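Taken in sequence, the protein lines are chains U and H.
Counted the way numbering that gives the first Met the number 0 counts, the first sequence spans residues 0 to 140.
Counted the way numbering that gives the first Met the number 0 counts, the second sequence spans residues 0 to 698.
All C-beta atoms, glycine included, are put in the ideal place defined by N, C-alpha and C.
Treat the numbers as computed from the prediction; the structure is a model and nothing was measured.
Let me begin by presenting the structure, written as structure tokens, before commenting on it.
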Amino acid sequence: MSFCTFTLGALLFGIPVERVLEVLRAPATTPVPRAPRAVSGLVNVRGQILVALDLARRLGVAERPAGAAAMLVLVSVEGGALALVVDEIGDVVCPSGEREPPPRTLPPRTRELILGVHVVDGQLLLALDVDRVASGERERV
Amino acid sequence: MSAKLDQAVLEFLGESREALALVEKELVALERGGASGGVAAIFRAVHTIKGTAGFLGFTRVEALAHHGEEVLARLRDGGLVLGREGASALLGMVDVLGRLLASIERDGREGPLDEAPTIEALRGVLGNAPLATRSPPEVAPIEAPAAAETKVRVDVALLDALMALTGELVLVRNQLRALASEAGGAAVLGPLQRLDAIASQLQASVAKTRMQPIGNAWSKLPRLVRELAHVCGRSVRLSMEGSETELDRTILEALRDPITHLVRNAIDHGIEPPSVRVARGKPGEGCVSLRAFHAGGSVTIEVSDDGNGLDWARVARKGVQLGLVAGEQAAAMTERELTELLFRPGFSTAEQVTTVSGRGVGLDVVRTNVEKVAGTIAVESHAGQGTAWRIEIPLTLAIIPALLVTSGGQRYAIPQASVVEVVRADVERGCERVLDAPVYRLRGKLLPLVDLDRELAGDDAPGEPGRASRNVVVLEANDERYGLVVESVVDTAEIVVKPLGRPLEGLELYSGATILADGRVALILDALGLARRARVVGSGRSRRPARSAPAEEGSSRRRDGAESLLVIEVTAGHRAAVPLAAVSRIEEVASGAIERLGGREVVRHRGDVLPVVRVARLLGVDRSASPREVIPVLVHAHPGGALGLAVDQIVDVVEERVGREGRPGRPGVLGTAVIQERVTDLLDLDALVRLAGEREGAR
Chain U
0 MSFCTFTLGA
10 LLFGIPVERV
20 LEVLRAPATT
30 PVPRAPRAVS
40 GLVNVRGQIL
50 VALDLARRLG
60 VAERPAGAAA
70 MLVLVSVEGG
80 ALALVVDEIG
90 DVVCPSGERE
100 PPPRTLPPRT
110 RELILGVHVV
120 DGQLLLALDV
130 DRVASGERER
140 V
Chain H
0 MSAKLDQAVL
10 EFLGESREAL
20 ALVEKELVAL
30 ERGGASGGVA
40 AIFRAVHTIK
50 GTAGFLGFTR
60 VEALAHHGEE
70 VLARLRDGGL
80 VLGREGASAL
90 LGMVDVLGRL
100 LASIERDGRE
110 GPLDEAPTIE
120 ALRGVLGNAP
130 LATRSPPEVA
140 PIEAPAAAET
150 KVRVDVALLD
160 ALMALTGELV
170 LVRNQLRALA
180 SEAGGAAVLG
190 PLQRLDAIAS
200 QLQASVAKTR
210 MQPIGNAWSK
220 LPRLVRELAH
230 VCGRSVRLSM
240 EGSETELDRT
250 ILEALRDPIT
260 HLVRNAIDHG
270 IEPPSVRVAR
280 GKPGEGCVSL
290 RAFHAGGSVT
300 IEVSDDGNGL
310 DWARVARKGV
320 QLGLVAGEQA
330 AAMTERELTE
340 LLFRPGFSTA
350 EQVTTVSGRG
360 VGLDVVRTNV
370 EKVAGTIAVE
380 SHAGQGTAWR
390 IEIPLTLAII
400 PALLVTSGGQ
410 RYAIPQASVV
420 EVVRADVERG
430 CERVLDAPVY
440 RLRGKLLPLV
450 DLDRELAGDD
460 APGEPGRASR
470 NVVVLEANDE
480 RYGLVVESVV
490 DTAEIVVKPL
500 GRPLEGLELY
510 SGATILADGR
520 VALILDALGL
530 ARRARVVGSG
540 RSRRPARSAP
550 AEEGSSRRRD
560 GAESLLVIEV
570 TAGHRAAVPL
580 AAVSRIEEVA
590 SGAIERLGGR
600 EVVRHRGDVL
610 PVVRVARLLG
620 VDRSASPREV
630 IPVLVHAHPG
640 GALGLAVDQI
650 VDVVEERVGR
660 EGRPGRPGVL
670 GTAVIQERVT
680 DLLDLDALVR
690 LAGEREGAR
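Quick look at the structure:
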């Protein structure tokens with residue numbers, strides 16, 4: 000399985016390539032007041048209005064400093080496309096070996112949104128559960 | 000997620016689905032005694048399904064259809080009469096065929112299903128007569144030659160794509176327009192105007208392709224009614240009028256469930272059992288009627304029944320029981336206010352939970368779904384006679400004219416349909432504070448104000464920023480008006496409405512988003528959602544300026560039993576109050592404009608002559624020192640006409656739960672209360688009207 004990879008802070012994540020529609024530099028985002036915190040805003044991608052989800056906030060990991068450049072990963076989800084705001088885009092990797100369960104060292108909120116981990120070149124690749132990420136902001140108690 | 004299917008199979012699935020829908024509809028009609036010509040149509044449909052299924056190798060579909068065909072052949076040839084057993088068996092066949100088709104669509108093959116019971120039922124209807132293994136060749140019935148084909152089948156996805164492209168075209172046209180005016184290219188203007196016209200016409204035509212008759216949303220209802228009536232022990236007839244009325248496809252889909260729910264309610268809770276009906280002098284068979292029609296820019300859909308009707312007293316009692324209203328308040332509630340209770344989640348006057356429609360109401364969900372497509376729902380009911388629910392949907396196209404405003408430096412769009420006017424207000428001066436909420440007086444009427452910056456910022460609202468002059472956009476939602484205070488009004492524009500994505504679905508402030516001429520995304524504000532959030536839209540018809548939502552939660556702001564009162568000074572130092580609802584307007588009248596006409600004082604207003612009385616004089620407390628130059632006059636409408644009550648000053652509008660302390664005996668005064676720490680007379684308007692009449696008579 001090939002993964003499209005990207006970073007959030009020091010963490011490396013991957014999404015199966017067939018789920019990724021496009022990767023691009025984040026254009027101007029229109030904020031949506033009163034929206035859930037993880038919603039970064041709305042973006043215009045070639046005439047389509049997409050919701051941009053700040054993945055760092057959604058996963059509960061360290062947030063990027065305000066004003067820092069970001070990239071968008073467009074993924075296909077039920078109901079259309081979703082734009083995930085990430086730090087930097089990495090290479091496409093094809094890990095050998097099995098997927099391991101997510102390590103306990105990750106905070107629970109992050110762990111629920113990860114399908115598992117692979118080891119690639121000594122680094123931990125966290126496989127993102129895209130459908131869960133997209134399916135809503137409900138806080139799990 | 001279907002497996003890759005052959006084109007032929009896809010067509011078979013599509014056509015068979017349509018055929019089954021037809022069969023279902025015709026069977027239900029036939030069972031009710033419809034013309035026997037319907038059997039031929041049903042037979043042909045099932046026969047076609049059988050044939051194509053056999054050709055494509057779907058043997059189980061073929062076999063099941065074959066058994067159904069046997070029954071239908073007997074019906075057609077007069078041997079059998081379609082009774083309950085036969086109809087149920089054939090409808091069962093329709094269901095199982097539907098499931099087999101679904102399985103084919105999903106997995107490419109006829110999945111694990113047991114059609115044996117259905118086949119048994121069909122054979123039972125035939126009296127277990129031995130079946131032929133293959134139907135004998137039939138003489139095809141002579142049909143009238145089909146009308147020349149003027150229609151084509153088009154995939155819905157293709158139409159959606161066309162619609163989206165047309166939308167893009169409009170956007171690009173807007174961008175060109177903006178550029179042309181900047182770049183000042185005169186030669187471009189001509190073609191640009193042409194492009195304009197073409198884009199508009201194209202958009203209108205494409206929108207029309209998405210229109211579908213509402214009959215499509217009603218298609219499952221005859222069968223539902225048949226089954227429900229049987230389960231509930233009622234006898235019900237379904238009447239449908241206006242099923243050819245056309246609606247946009249997405250709106251149709253959104254209304255399917257609400258309409259079904261209302262029909263269920265009508266049968267389960269509306270229509271009485273036959274014995275009860277007869278005892279009431281009604282025909283034993285109840286009627287649920289669906290009506291749809293176009294009128295004045297909207298489509299109206301009515302679901303009505305001639306059953307129990309809503310017992311408003313019971314609704315009020317339930318409201319008290321659930322703690323939604325105080326006892327005394329409940330007695331005074333208008334029908335409209337009681338209707339609001341019905342729409343509260345969890346509200347139900349059903350005595351027991353039935354398996355049919357659960358708690359029996361779920362009207363809050365119905366209303367939510369109707370409002371999602373910008374519609375409204377209202378009810379009219381008479382106890383013992385019946386109930387009628389009315390859904391009204393404004394006809395909208397995906398491209399609408401809008402007003403662009405700013406707040407916090409960002410642009411927002413407001414659909415022109417919600418905008419009444421734009422007022423450049425000196426908000427400091429014209430704004431009156433009512434308790435803690437701003438109210439603006441516009442040409443005599445009090446308009447509640449909503450600050451857009453505040454509503455968007457929510458709980459992290461900064462302190463009241465100082466802005467002397469602001470723009471107020473007067474909006475209308477649900478027949479109630481309010482003023483939206485915005486930073487600035489930018490422009491008007493034609494915008495393409497796009498839905499918000501899933502993560503943003505619940506936000507009632509917005510009804511969608513759009514891309515502006517410069518490519519930036521702007522949110523589209525929902526006038527009703529905003530008003531609800533700021534609580535300036537209430538139930539009931541009284542024109543009270545409601546309060547904007549306080550920052551701190553916890554304390555329940557709605558004090559049930561409280562009334563809106565207009566507090567005035569009748570004369571210096573003497574305070575009085577009248578119910579705000581009784582005041583239709585407040586006019587500022589120049590004292591010179593008050594004329595004497597046949598012994599009365601009148602003022603000319605908007606072409607009418609309004610009789611005016613000085614309240615101070617009526618109450619006998621006139622201590623008029625120097626007459627004022629501008630006199631506030633409260634206009635009160637009463638059965639005989641309108642009366643202007645001239646007072647000294649308008650003080651405030653309050654919401655108070657007033658106890659009436661005595662001092663009866665004074666004409667024109669109901670009692671006194673302490674409001675804002677001042678003794679205030681509660682005026683008896685009816686008495687004042689009478690007094691005024693007597694006085695003029697006496698002259």
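Just the C-alpha distance for residue i and residue j, rounded to the nearest angstrom, thanks.
i: residue 402 of chain H; j: residue 491 of chain H; result: 4 Å
i: residue 328 of chain H; j: residue 653 of chain H; result: 18 Å
i: residue 594 of chain H; j: residue 644 of chain H; result: 15 Å
i: residue 226 of chain H; j: residue 177 of chain H; result: 59 Å
i: residue 612 of chain H; j: residue 381 of chain H; result: 41 Å
i: residue 7 of chain U; j: residue 73 of chain U; result: 16 Å
i: residue 116 of chain H; j: residue 89 of chain H; result: 12 Å
i: residue 410 of chain H; j: residue 453 of chain H; result: 15 Å
i: residue 564 of chain H; j: residue 578 of chain H; result: 4 Å
i: residue 39 of chain H; j: residue 218 of chain H; result: 20 Å
i: residue 175 of chain H; j: residue 192 of chain H; result: 11 Å
i: residue 474 of chain H; j: residue 583 of chain H; result: 19 Å
i: residue 320 of chain H; j: residue 302 of chain H; result: 29 Å
i: residue 256 of chain H; j: residue 417 of chain H; result: 27 Å
i: residue 26 of chain H; j: residue 51 of chain H; result: 22 Å
i: residue 334 of chain H; j: residue 370 of chain H; result: 21 Å
i: residue 31 of chain U; j: residue 522 of chain H; result: 8 Å
i: residue 689 of chain H; j: residue 332 of chain H; result: 27 Å
i: residue 639 of chain H; j: residue 480 of chain H; result: 28 Å
Which residues in the same chain as residue i place their Cβ atom closer than 6 Å to its Cβ, once the five residues preceding and following it in sequence are excluded?
i: residue 12 of chain H; result: 100 and 104
i: residue 383 of chain H; result: 308
i: residue 51 of chain U; result: 28, 39, 40, 42, 82 and 84
i: residue 526 of chain H; result: 417, 474 and 476
Exposed or buried, what is residue i when buried is set at 16 or more other beta-carbons lying within 10 Å of its beta-carbon?
i: residue 12 of chain U; result: buried
i: residue 231 of chain H; result: buried
i: residue 346 of chain H; result: buried
i: residue 672 of chain H; result: buried
i: residue 575 of chain H; result: buried
i: residue 413 of chain H; result: buried
i: residue 318 of chain H; result: buried
i: residue 268 of chain H; result: buried
i: residue 15 of chain H; result: buried
i: residue 104 of chain U; result: exposed
i: residue 3 of chain U; result: buried
i: residue 543 of chain H; result: In this predicted model, residue 543 of chain H has a pLDDT of only 29, less than 50, meaning its place in the structure is not dependable enough to derive any value.
i: residue 277 of chain H; result: exposed
i: residue 122 of chain U; result: exposed
i: residue 99 of chain U; result: exposed
With a threshold of 8 Å on Cβ separation, who are the neighbours of residue i within its own chain once the five nearest residues in sequence on each side are excluded?
i: residue 130 of chain U; result: 76 and 77
i: residue 48 of chain H; result: 15, 18, 19, 60, 64 and 96
Going along the chain, which residues of its own chain have a beta-carbon closer than 7 Å to the beta-carbon of residue i, five neighbours each way excluded?
i: residue 212 of chain H; result: 242, 243, 244 and 245
i: residue 443 of chain H; result: 584, 585 and 586
Near-chain H residues of the region 30-43 of chain U - C-beta to any C-beta below 9 Å = Cβ contacts with chain H come from 30, 31, 32, 33, 34, 35, 37, 38, 40, 41, 42 and 43.
Under 7 Å (Cβ pairs) to chain U, residues found in the region 164-178 of chain H = Residues of the region 164-178 of chain H with a C-beta less than 7 Å from any C-beta of chain U: 167 and 170, listed in chain order.
Under 8 Å (Cβ pairs) to chain U, residues found in the region 500-521 of chain H = Residues 500, 501, 502, 503, 506, 508, 509, 512, 513, 514, 518, 519, 520 and 521.
message = Taking beta-carbon pairs under 8 Å, can you tell me which members of the region 469-499 of chain H lie near chain U?
response = Residues are counted here when their Cβ sits less than 8 Å from a Cβ of chain U; for the region 469-499 of chain H these are 497 and 499, given in chain order.
ask   = Using a Cβ cut-off of 9 Å, which residues of the region 402-420 of chain H contact any Cβ in chain U, in chain order?
value = Residues 406, 407, 409 and 410.
ask   = Which residues, in order along the region 446-459 of chain H, keep a beta-carbon less than 9 Å from a beta-carbon of chain U?
value = If you check each beta-carbon in the region 446-459 of chain H against every beta-carbon of chain U, the ones closer than 9 Å belong to 454, 455, 456 and 457.
ask   = Along the region 44-69 of chain U, what residues have a CB closer than 7 Å to any CB found in chain H?
value = The region 44-69 of chain U vs chain H, Cβ under 7 Å: 46, 48, 49, 50 and 52.
task = Mind listing, in chain order, the continuous alpha helix (DSSP H) runs of no fewer than 4 residues lying wholly within the region 220-246 of chain H?
result = Runs found: 220-231.
request  = Check each residue of the region 3-29 of chain U: if its Cβ is closer than 9 Å to any Cβ of chain H, include it; give the result in chain order.
outcome  = Flagged, chain order: 26, 27, 28 and 29.
Whole beta strand (DSSP E) elements within the region 585-614 of chain H, 3-residue minimum = Within the region 585-614 of chain H, the complete beta strand (DSSP E) runs of at least 3 residues are 593-596, 599-604 and 607-613.
key: In chain order, each alpha helix (DSSP H) run of at least 4 residues that lies wholly inside the region 18-84 of chain U   = At a cut-off of 4 residues, the continuous stretches assigned as alpha helix (DSSP H) that sit fully inside the region 18-84 of chain U are 54-58.
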